Structures are given as C-alpha cells and as structure tokens.
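The structure appears right after this line, and notes come after that.
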Amino acid sequence: MQPLGLSNSIARIGKRWVGKGIVIYLADPLQATKDAQQKSEWLRNRTRTRFRELNELRNQVQGQTAAKELMGRYGYWLMMRAQMMVDIPSWHGGYEKAIAQGFDEDTAIALADQGVKDSQGGGEEVDQSGIERGHAITKLFTAYYGFMGTTLNVAYGSTMTEKSKAKIAVNLLLTLSVPAVLGSLLRSALTPGDDDDENLAETLIREQIAFVMGLIVGGREFEGLAKDNHMGYSGPTGLRLIPDIFKLKDQAMQGDFDTAFRKRFITVIGDISGLPAVQINRTWDGIEALSSGDTSNPAAIGFGYKKPHHDHSDNSSSFLKVF
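In the working numbering, the protein residues as written are 3 to 325.
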C-alpha cells in the first residue's frame, strides 16, 4: 500500500499543499511526472537512489555480469513506479508551497526535493541516518529500513516543530497509525476470499503494534510476536536469504512441487534478484483463483486470494486476552 506513504508527506509538507500536488498528479500523471523530473535532477535519479541498497547497487561498477546489471536496473522497477505515485504529488505540493511563499524557482525546486527526502527517505549517503551508515553488522539490521526510519523522524520532528498540541496529535496519528490501520483495512477489503479468519479489532491491534516496532532498529526483529507469527524468527532482513533457502530445501525434500514450493522458490529468487516476490506470489495466487473459479473478482490479480479457513476453533488464547 505504497500510496499510504502520503501520510508522511501531509505531516511534513501540509495537507493543503499535498492536496494540490495530488490534484496536479491526478489530472495527468504522465505530464506531472515529466514536469517534475524536468525541473529536478534529483528526482530524475530517484528510481536509482530511493533506498540505501538500491543506491549501493547502482554504484557497483566493477565485477558486474550482464545478468546482474539487468537485475539491478530493473529488479525494483515496479516498486519504484509505485513509489512515484507518492513522490510526484509530494514534490508538486512542496514546489507549489515554496512558490506561494515567494521563493525563487531554484530555491522552490530545492525545497520540493527536500520535502520528498524528509517525508519519504532517500538512499544517498547524505540522506541516511547515522545507524544506516554504520558498521557492517548494523547494516544487516537496517536493510530496507529507510522508510521506517524516515517515518520515525517525521513523527519525532512534528513534536519538536509544532506548537499546537492538536496538530502534534494529528501528525502522530498520520504517521504512526494511518499507514498501519488503514493499510490493514484496505488489504482486507480489496483481497478476495475469506474475510472471517480473525477478529478485526485483534488484527488492527496486531498491525499497529507491529508497525510501531518496525520503526525501531532491532524492534522490527520482534514484529512476529505482535503478529503471532508461528514461523519463528528468520533473522535480520539482510540475511533473510539463508533461512529462505532452508525452507525451500524442506519443501523440495517433500517431493511435492505444489503451491508452497512455488512460493518458497519465488521468495528465494526475489531475495537474490530484488524482484517483488510477495507481489508475484499474490498475483499468481489470484490468477489461479480466477482460473479455478474460486473467485470472479479481478482484484485478485493485484491483491491475491485468501483461501477460506474451515476451522475457526479457538485452539489458543486470544491476543486480546493478554490485556
């Protein structure tokens, strides 16, 4: 749910100006993107510098095979296009705000760039937090952490710069709750299939706690506790390939090349190449559900399909009973 990142932009740039940016973008997305990129060199390079790992991949100029260069260039293509749905409206909003405040063209462009950096993060070294630029071991625990670290900074910054307690509360709600709660509700509403697999209130509480834990380096390693993840701990994101390979081996040893094997295989390919494995599996599930007649909802192609849970027995104590 990448567009939910606009909540950070609203907190950082302002709802009025982000609203203007959204209007400009929706009127003609291609032209809005072209106009912004023509004015901003930084924005033109955005698809290659969005997060630390992508920027480092871009800077690898030696020892690159043709296949590795191809994967590095296009492996994150879909993810970057989704990010542009947030970046471009945010940039236009920041630009319009700066022009309205009387800044000249060059300054307005620089302020618009900074607004996107501050609200969505960036992979260039100057935009990384100190812990992301640290020792190799800390980098293992901060892989793909950029946006969550940026969200934490936006939330903290709003408490330091805003004098109105009401605005602080609204900004904290936008940055810390809206992405978690609204994202969960949208996934549930848009994904075809069984929607009665868990109590809604419990799901939202889990998602909220997991989101807040994900803001803290080290804390996201325990997200599975909040989500009641029965798969156990799989290690830091930077080393996720290792447990994924073992899980693929376990599936292969069963000799049954079924859906579970396919998902594990695609996950490993995604770990290696940077391809969006989660989205590929969702789309595959959706296409299978459509072809088998389990659903007729075309949204399954984008959001996947939730198979019905026939056993709703309460075999374990509810998460809510802990409180």
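Even glycine gets a Cβ: it sits at the ideal position worked out from N, Cα and C.
Everything numeric in this text was worked out from a predicted model, so none of it was measured.
For residue j and residue i, the rounded distance between their alpha carbons
i, j, result
"Ser298", "Gly304", "13 Å"
"Ile15", "Asp287", "38 Å"
"Arg135", "Ser293", "47 Å"
"Leu175", "Val183", "10 Å"
"Ala29", "Asp89", "16 Å"
"Leu277", "Lys165", "43 Å"
"Ala228", "Gly221", "11 Å"
"Gln64", "Glu126", "Below a pLDDT of 50, predicted positions are generally treated as unreliable, and Gln64, at 49, falls in that range; the measurement from the model is reported next regardless. The alpha-carbon atoms of Gln64 and Glu126 are separated by roughly 19 Å."
"Ala13", "Gly257", "52 Å"
"Tyr307", "Leu80", "20 Å"
"Ala291", "Leu188", "20 Å"
"Asp279", "Phe263", "The identity of residue 279 in the sequence shown is Ala, whereas the question assumes Asp. For Ala279 and Phe263, the distance between alpha carbons rounds to 13 Å."
"Lys167", "Gly159", "13 Å"
"Ile268", "Leu250", "10 Å"
"Ile26", "Arg52", "22 Å"
"Ser190", "Ala203", "13 Å"
"Ala301", "Gly295", "14 Å"
Given residue i as reference, the closest of the options once Cα atoms are compared
i, options, result
"Gln281", "Ala171, Ser179, Thr193", "Thr193"
"Met82", "Gly306, Gly123, Thr177", "Gly123"
"Gln39", "Leu28, Ala29, Gly21, Pro91", "Pro91"
"Ser107", "Lys41, Val118, Leu45, Phe263", "According to the sequence displayed, residue 107 carries Glu and not Ser. Residue Lys41 is the option with its Cα nearest to Glu107."
"Tyr146", "Ser131, Glu290, Gly195, Val156", "Ser131"
"Asp129", "Ile139, Lys141, Gly148", "Gly148"
"Asp37", "Thr49, Gly7, Tyr78, Trp93", "Trp93"
"Arg46", "Ala100, Ile24, Ile111, Ser11", "Ile111"
"Ala157", "Arg52, Asp252, Asn10", "Asn10"
"Arg284", "Gln103, Thr261, Thr163", "Thr261"
"Leu113", "Gly195, Leu202, Gly96", "Gly96"
"Gln33", "Gly7, Tyr235, Gly306, Met87", "Met87"
"Asp115", "Gly7, Ile26, Trp44", "Trp44"
"Val20", "Gly237, Phe143, Arg52, Ala100", "Ala100"
"Asp120", "Gly104, Val172, Thr177, Ile139", "Thr177"
"Leu142", "Thr239, Lys309, Lys22, Val270", "Thr239"
"Ile139", "Gly237, Lys309, Val270", "Gly237"
"Gly172", "Gln103, Lys17, Tyr235", "According to the sequence provided, residue 172 is Val. The question's Gly does not apply to it. Ranking the options by Cα distance to Val172, first place goes to Lys17."
Close Cβ partners of residue i (< 7 Å) along its chain, the five nearest in sequence each way excluded
i, result
"Ser186", "Thr205, Leu206, Glu209"
"Asp273", "Arg242, Leu243, Asp246"
"Glu225", "Ala212, Met215, Gly216"
"Ile24", "Pro91"
"Ile271", "Leu277, Ala279"
"Thr144", "Ile133, Glu134, Val219"
Where the alpha helix (DSSP H) through residue i begins and ends
i, result
"Leu241", "Note, Leu241: premise wrong, no alpha helix (DSSP H); not H, not E."
"Val280", "279-294"
"Ser11", "8-15"
"Lys41", "31-41"
"Leu217", "Unbroken run through Leu217: none, as it is neither H nor E."
"Gln256", "No alpha helix (DSSP H) holds Gln256; DSSP gives it neither H nor E."
"Gly226", "225-228"
"Ser92", "79-102"
"Asn173", "167-178"
"Asn155", "148-163"
"Arg48", "48-51"
Sequence-distant residues of the same chain with beta carbon closer than 6 Å to residue i, five excluded per side
i, result
"Ser118", "It is Val, not Ser, that sits at residue 118 in the sequence shown. Result list for Val118: Asp89, Ser92, Trp93, in chain order."
* Looking at C-beta atoms only, is the number of pairs between the segment 215-224 and the segment 149-159 that lie closer than 8 Å three or more? -> With a cut-off of 8 Å on Cβ pairs, the segment 215-224 is in contact with the segment 149-159, counting three or more such pairs.
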